[in-house]
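Top line first, the protein sequences correspond to chains A and B. At position 353 of the first sequence the residue is numbered 352 (numbering that gives the first Met the number 0), and the sequence of numbers has no breaks. At position 414 of the second sequence the residue is numbered 413 (numbering that gives the first Met the number 0), and the sequence of numbers has no breaks. Just so it is clear, CB atoms sit at the ideal spot from N, CA and C, and this is done for glycine as well. Below is one structure, written out as structure tokens; comments come after it.
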Amino acid sequence: MNEAKRKLLNKRYRAEANFKLFGQIAIGLALLFLAVFMYKIFSKGYTAFQKTWIVTEVHYDKELMLIETDNPSLEDLENADYYDIAYKAMTRLDPSLPEEDDRQLIQMVAFTYEQEVKNHLLKNPSLLGKIAPIRLTASDDLDQVHKGNYPRDIPEEDRRVNDYQLKIYDMLNERGDILSKFNLSFFTNPDSREAELAGIASSFMGTVFSILVCLAFSFPIAVLAAIYLEEFAPKNKFTDFIEVNINNLAAVPSIVFGLLGLGVLLAVFNLPRSTPLVGGITLSLMTLPTIIIAARASLKAVPPSIREAALAMGASNMQTTMHHTVPLSMPGTLSGTIIGLAQALGETAPLILIGMVAFVNTIPGTPVDPAASLPVQIYIWSESAERGFVEKVSACIMVLLGFLILMNLAAQIIRHKFERKWN
Amino acid sequence: MNLVLISLILLLGFSSYYFGRKKATIIQSSQRLTALPKFYGYYLAIWCAAPALIIFSLWSVFEPTIVKNFILADYLDQNLTKNELQLIYTKVKALALGTYTGDINNFLDNSAGKYIQIKNMANNAKIVIVLAALILSLSYAYQSIKKNNRMREPVEIFLKWVLFTASLAAVLVTIGIVFSLLFEAIRFFQSVRIFDFIFGTHWYPAKTFVRDGQPDPELMKDAFGAVPLFAGTFFIAFIAMCVAIPVGLLSGIYLAEYATRKVRKYAKPIIEILAGIPTVVYGFFAALTVGPFVKEIGNSLGLEVSSESALAAGAVMGVMIIPFISSLSDDVISAVPQNLRDGSYAMGATKSETIKKVIFPAALPGIVGSILLAVSRAVGETMIVVMASGLAANLTANPLESTSTITAQIVVILIGDQQFGDPKTQAAFALGISLFVVTLFLNVIALTVVKKYREKYE
Chain A
0 MNEAKRKLLN
10 KRYRAEANFK
20 LFGQIAIGLA
30 LLFLAVFMYK
40 IFSKGYTAFQ
50 KTWIVTEVHY
60 DKELMLIETD
70 NPSLEDLENA
80 DYYDIAYKAM
90 TRLDPSLPEE
100 DDRQLIQMVA
110 FTYEQEVKNH
120 LLKNPSLLGK
130 IAPIRLTASD
140 DLDQVHKGNY
150 PRDIPEEDRR
160 VNDYQLKIYD
170 MLNERGDILS
180 KFNLSFFTNP
190 DSREAELAGI
200 ASSFMGTVFS
210 ILVCLAFSFP
220 IAVLAAIYLE
230 EFAPKNKFTD
240 FIEVNINNLA
250 AVPSIVFGLL
260 GLGVLLAVFN
270 LPRSTPLVGG
280 ITLSLMTLPT
290 IIIAARASLK
300 AVPPSIREAA
310 LAMGASNMQT
320 TMHHTVPLSM
330 PGTLSGTIIG
340 LAQALGETAP
350 LILIGMVAFV
360 NTIPGTPVDP
370 AASLPVQIYI
380 WSESAERGFV
390 EKVSACIMVL
400 LGFLILMNLA
410 AQIIRHKFER
420 KWN
Chain B
0 MNLVLISLIL
10 LLGFSSYYFG
20 RKKATIIQSS
30 QRLTALPKFY
40 GYYLAIWCAA
50 PALIIFSLWS
60 VFEPTIVKNF
70 ILADYLDQNL
80 TKNELQLIYT
90 KVKALALGTY
100 TGDINNFLDN
110 SAGKYIQIKN
120 MANNAKIVIV
130 LAALILSLSY
140 AYQSIKKNNR
150 MREPVEIFLK
160 WVLFTASLAA
170 VLVTIGIVFS
180 LLFEAIRFFQ
190 SVRIFDFIFG
200 THWYPAKTFV
210 RDGQPDPELM
220 KDAFGAVPLF
230 AGTFFIAFIA
240 MCVAIPVGLL
250 SGIYLAEYAT
260 RKVRKYAKPI
270 IEILAGIPTV
280 VYGFFAALTV
290 GPFVKEIGNS
300 LGLEVSSESA
310 LAAGAVMGVM
320 IIPFISSLSD
330 DVISAVPQNL
340 RDGSYAMGAT
350 KSETIKKVIF
360 PAALPGIVGS
370 ILLAVSRAVG
380 ETMIVVMASG
390 LAANLTANPL
400 ESTSTITAQI
410 VVILIGDQQF
420 GDPKTQAAFA
430 LGISLFVVTL
440 FLNVIALTVV
450 KKYREKYE
């Protein structure tokens, strides 16, 4: 082999190695994106599962509560006045503070502190007349300070927590009167304008209802359609037309389905706006082609020998399909359905168009109550300027991703456990 | 009321299944039947419920229009426009339901009384007619149960019709999309010339907002030029493809040709996770992390960067699209017949030369198809743009400025309360139909190309 040939060969081998390297880099990049993404979300979001409380003492003073009877019933407690005792509970943190500056202390807790004092007493009526410790939800700004997400070294006028409040916070922190515990209210509270009180319960229920409505509409229609197209449809132009239609529908952008929901479900059928019912129907139109395609694929995977055996035993076409083919195809259909629902679960744009973006601070009890959904909640919170919502958004994303992972796992398990392999 | 009626029909339907089966079993004890007893049950149940339900739903669809015509007949001699009539009808309805607040005159009051009367009458008539139909068809079916009636065939024919109807759902959805978009878009093009929409370079719909009354047609002319949106849409899609095509295609090739079975088994599903993450999550990521990052880099290079840049949105969208291209091109490349590879190796080509010179050209139609599908995906993507690339429709080719897209403008216009009849709302539907046409066009081409390609090698 002469020198020129060897050079050429080396060059070709180098090109080979380079090409392989490019492929590896591409895969590495894709994986890197995923890793950075997950890291960012989790590192921002995990703190939202902790909630900060300020511990103080409250004197359940009958006189200040305007209770006149000696032995007040629960109803009396319910109607009593809590403003003064709650206010005093906060101001006692720093008795030296002049009265006109009291707001600074009050601002350190959530605006519902009066309600919290009331609920505490209603739970423990025996505390009436006594002085007892109580924990109050800290304001979102203080919460962020405690979690270290809020820079303390910027000039005071740019900060939402002033020097005095930081001083009180440090004092309380040293005394051990700042508590940090698992944030249950994030899961049980509805949405709120205040970050420290905002929770995902309302949007979570909205999501559950929409997905159930979506399942109830799309699954039966899609399975029946798939059975017709795969087992009964004659080979003609019209069947082809339906098939082309389904394939194209699967690739229509989701926002177009939102326009359909707005223009038909709301404007023509006058269904209630902002409700999971409309959201679910809109999503079901979107999920329909996905499930049809999955169900057809799994019907196709049932070998013809099954059908032939049934027909040979004298079963009719319909009996063969309903007793043998369809049951055998169910695992594939179900896992396809779950994957379709997981897609629908993450959809945001169509739900925004049908009005599920409204601020809802009640937990919906039925599919016709106004509600948001988890992805829309992410959108609403991320548009909010308050710093406290950033970690809430990340936490909400974690919950949503958790659901998606669970659903995909369920689809995998169904597929691997129940699907028959035909060889 | 309606719910009670439906449950009653369904309940009767279920119970008639048992009646039918019982009658058949009694006949069976003395004579041979031509079908299984349960088919007699199904037959009876179908005859019991189906006609009643069909009449019920037809009635429910047409009742409102008929009632409306009855009520508005009184107002026809007053020469009112369609909108005024609609307003009167809404008032009458609200008055009848007791939710009306406002001035009540005698005329309205009379109409409301009439409305309640007609509504009651219609309700009673509906119940009577539906139940009568149910009893008639049920008794017909019951007496037709005889030993030598072939009951399986009619039941199966009915089922087949049910299946066929379900398969029409997809067609219905498409028709629904086209008509709902067209209906509003046509009304939009009555107030804005289609030429101004397609070729206008200034998009500023907020300008047309006028309290009470019609907006100025001169303003309208200049407010709905969609060119900045079309340009922005394809610009962001282009940036996304610049990220997605190299990474996606190379990973697809690597997975198909180089990766060991084990690497492939794990890497492919992990990359596909990228496609399963909801777009709103990408949007948040783009707005909070990538946008500021791009801005920081740009500023350190002395460039003017908007914090909501097209680059950030496009790049994140590209990451989202990687798995579409990698998975599809992986499938397409794996489908290239082995003998093409063997032939190339036999000629002494290295693996990469085989890929570049033989496999890639052979798989090109399929790869182009998958890229077109990905482009259509990028064009229809909404949340990333809404959250990360601003809402002002600038006509620009600078990736560091913010631009807007068709989808983002639809969201901007329709978020919050919409008023039908407002040119702004109609403009969203006009945008919707242009989006639908563009993506449909891309999809049809992509699907045809991929189908042709599959046929070639199968």
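Cβ-Cβ separation, residue j to residue i (assumed contact under 8 angstroms), whole Å
| i | j | result |
| --- | --- | --- |
| B/Ile320 | B/Ala445 | No, B/Ile320 and B/Ala445 are not in contact; Cβ-Cβ is about 14 angstroms, not under 8 angstroms. |
| A/Ile133 | A/Val144 | In fact, because the Cβ distance is near 21 angstroms, the residues do not count as touching under 8 angstroms. |
| A/Phe203 | A/Leu373 | 6 angstroms |
| B/Pro377 | B/Met316 | One detail in the question is off: residue 377 of chain B reads as Ala in this sequence, not Pro. So it is a contact: roughly 6 angstroms between Cβ atoms. |
| B/Ala472 | B/Met386 | Because chain B spans 0 through 457 in this model, residue 472 of chain B falls outside it and cannot be assessed. |
| A/Val108 | A/Leu135 | 5 angstroms |
| B/Ser259 | A/Glu15 | Correcting the residue type first, residue 259 of chain B is Thr in the shown sequence and not Ser. The Cβ separation is near 17 angstroms, so there is no contact. |
| B/Gly12 | B/Tyr42 | Rounded, the Cβ-Cβ distance is 12 angstroms, inconsistent with contact. |
| A/Ala197 | A/Thr187 | So it is not a contact: roughly 12 angstroms between Cβ atoms. |
Neighbour flag for residue i against chain A, beta carbons, 7 angstroms
| i | result |
| --- | --- |
| B/Val246 | yes |
| B/Thr349 | yes |
| B/Ile252 | yes |
| B/Phe229 | no |
| B/Phe435 | yes |
| B/Tyr257 | yes |
Residue range of the beta strand (DSSP E) that includes residue i
| i | result |
| --- | --- |
| A/Pro71 | Where A/Pro71 is concerned, there is no enclosing beta strand (DSSP E), given that its DSSP letter is neither H nor E. |
| A/Leu178 | Ile177 to Phe181 |
| A/Arg484 | Since the first residue shown for chain A is 0 and the last is 422, residue 484 of chain A is missing from the structure and cannot be characterised. |
Residue i at chain B interface by Cβ criterion, 7 angstroms
| i | result |
| --- | --- |
| A/Gly262 | yes |
| A/Tyr217 | In the sequence under discussion, the amino acid at residue 217 of chain A is Ser, which differs from the Tyr named in the question. Taking Cβ atoms only, chain B never reaches closer than 7 angstroms to A/Ser217, which makes this a no. |
| A/Tyr227 | yes |
| A/Gly22 | yes |
| A/Gly339 | no |
| A/Asn441 | Shown here, chain A extends from 0 to 422; a query on residue 441 of chain A therefore has no answer. |
| A/Ile292 | no |
| A/Ile26 | yes |
| A/Arg11 | yes |
| A/Gly331 | no |
| A/Val255 | yes |
| A/Glu15 | yes |
| A/Phe18 | yes |
Residue i in three-state terms, based on DSSP
| i | result |
| --- | --- |
| A/Ser328 | helix |
| B/His201 | coil |
| B/Trp160 | helix |
| B/Gln189 | helix |
| A/Trp380 | helix |
| A/Arg306 | helix |
| A/Gln49 | strand |
| A/Val359 | coil |
| B/Leu32 | coil |
| B/Glu303 | coil |
| A/Val160 | coil |
Contact test: residue i Cβ vs the ligand FMN heavy atom, cutoff 6 angstroms
| i | result |
| --- | --- |
| B/Asn68 | The ligand FMN is absent from the structure shown, which contains no ligands of any kind. |
Extent of the continuous alpha helix (DSSP H) to which residue i belongs
| i | result |
| --- | --- |
| B/Leu327 | Ala309 to Ser333 |
| B/Arg260 | Arg260 to Gly275 |
| A/Ala296 | Pro275 to Lys299 |
| B/Gln77 | From DSSP, B/Gln77 is part of no alpha helix (DSSP H); its letter is neither H nor E. |
| B/Leu413 | Ile405 to Leu413 |
| A/His145 | Asp139 to His145 |
9 angstroms Cβ cut-off: residues of chain D touching residue i
| i | result |
| --- | --- |
| A/Leu352 | Among the protein chains in the structure shown, which are A and B, there is no chain D. |
> What residues in the region 276 to 310 of chain B have a beta carbon less than 9 angstroms from any beta carbon of chain A?
Replying inline: Sequence-ordered contacts of the region 276 to 310 of chain B with chain A read Ile276, Pro277, Thr278, Val279, Val280, Tyr281, Gly282, Phe283, Phe284, Ala286, Leu287 and Thr288 [C-beta pairs closer than 9 angstroms].
> Using a Cβ cut-off of 7 angstroms, which residues of the region 354 to 387 of chain A contact any Cβ in chain B, in chain order?
Replying inline: Those would be Val356, Pro374, Ile377, Tyr378 and Ser381, in chain order.
> Going along the chain, which residues of the region 28 to 45 of chain A sit with their C-beta nearer than 7 angstroms to a C-beta in chain B?
Replying inline: So the close ones are Leu28, Ala29, Leu30, Phe32, Leu33, Phe36 and Lys39.
>> Any C-beta of chain A within less than 7 angstroms: which residues of the region 149 to 175 of chain B qualify?
In response: Of all residues in the region 149 to 175 of chain B, only Arg151, Glu155, Leu158, Lys159, Val161, Leu162, Phe163, Ala165, Ser166, Ala168, Ala169, Val170, Val172, Thr173 and Gly175 come within less than 7 angstroms of chain A when Cβ atoms are compared, listed by chain position.
>> Residues of the region 373 to 405 of chain B in Cβ contact with chain A at a cutoff of 7 angstroms, in chain order, please.
In response: Result list: Ser375, Gly379, Thr381, Met382 and Met386.
> When Cβ atoms are compared, which residues of the region 298 to 316 of chain A fall closer than 8 angstroms to chain B?
Replying inline: So the close ones are Ser315 and Asn316.
>> Using a Cβ-Cβ cutoff of 8 angstroms, what residues of the region 43 to 54 of chain B are near chain A? List them in chain order.
In response: For the region 43 to 54 of chain B, which is checked against every Cβ of chain A, not one residue is closer than 8 angstroms.
> Mind listing which residues of the region 176 to 209 of chain B have their C-beta closer than 8 angstroms to chain A's C-betas, in chain order?
Replying inline: With the criterion set as a beta carbon lying under 8 angstroms from some beta carbon of chain A, the members of the region 176 to 209 of chain B are Ile176, Ser179, Leu180, Phe182 and Glu183, in sequence order.
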